[in-house]
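Engineer: All residue numbers for the sequence shown refer to the working numbering, where the first residue is 1054 and numbers rise by one.
Ideal placement from N, C-alpha and C gives every residue a C-beta, glycine not left out.
A quick note: this is a predicted structure, and the numbers were derived from the prediction, not measured.
Sharing a structure with you now.
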Amino acid sequence: LAPQQITMALDQKANAMFDTVDARDKRPDFITSLETRDKLTAAFLAHGVVVSGLNVIGLYDRYEYVAIGMAGFIGLTSAAVGWYELCAGITEDDDRPGFAHERAIMLYTTSYLAGVM
């Protein structure tokens, strides 16, 4: 390889997403690898599956609590965690070339979610 190709390959690796494929330590299990916001997203998706199942079987008892109340609770919790992560500096800004700024995305999505809830 020419020196220019080696430099380009190193630059591309520096801008690549991080993964533990080549890590010497054991990869974390699924639950351990999830961040707080990932867990909230999984809870919201699981809630959608439960509500869909209730709709399919026609079970509408206390629907306003199971469907609407829980969705509101999970959404407000997600917005609060998002604001906390932004204010505490937990969410770092991504300044790699060609990538959107993570903090700007979090600010927009968290504000939108709080407004919708």
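#1: Expressed to the nearest angstrom, what Euclidean distance is found between the alpha-carbon atoms of T1089 and D1114?
#2: Give the single residue among V1119, I1158, M1170 whose Cα lies nearest to the Cα of S1105.
#3: For A1132 versus L1166, is the C-beta distance shorter than 8 Å?
#4: Spatial neighbours of M1170 within its chain, please: C-beta separation below 8 Å, excluding the five flanking residues on both sides.
#5: What's the gap between the Cα of L1112 and the Cα of H1100?
#6: Between G1135 and T1163, is the Cβ-Cβ spacing less than 8 Å?
#7: Under a Cβ-count criterion, where at least 16 other Cβ atoms within 10 Å of its own Cβ denotes burial, should T1144 be classed as buried or exposed?
#8: Give the range of the alpha helix (DSSP H) segment to which G1168 is assigned.
Structural biologist: Short version:
#1: Your numbering for residue 1089 matches position 36 in the sequence shown. Your numbering for residue 1114 matches position 61 in the sequence shown. Going from the Cα of T1089 to the Cα of D1114 covers about 31 Å.
#2: Stepping through the sequence shown from its first residue, residue 1105 is reached at position 52. Measuring from the Cα of S1105, the nearest candidate turns out to be V1119.
#3: By one-based count along the sequence shown, residue 1132 stands at place 79. By one-based count along the sequence shown, residue 1166 stands at place 113. A contact, by the Cβ cut-off of 8 Å.
#4: As a first step, residue 1170 must be located in the sequence shown, where it is residue number 117. Closer than 8 Å at Cβ, skipping near neighbours: G1125, G1128, L1129, A1132.
#5: Within the sequence shown, the letter at position 59 stands for residue 1112. Within the sequence shown, the letter at position 47 stands for residue 1100. About 15 Å.
#6: By 1-based counting over the sequence shown, the position of residue 1135 is 82. By 1-based counting over the sequence shown, the position of residue 1163 is 110. Contact flag set, yes.
#7: Residue 1144 sits at position 91 when you count from the first residue of the sequence shown. Counting Cβ neighbours within 10 Å, T1144 comes out buried, since at least 16 surround it.
#8: Indexing the sequence shown from 1 puts residue 1168 at position 115. Counting along the chain, the alpha helix (DSSP H) containing G1168 begins and ends at 1155 to 1169.
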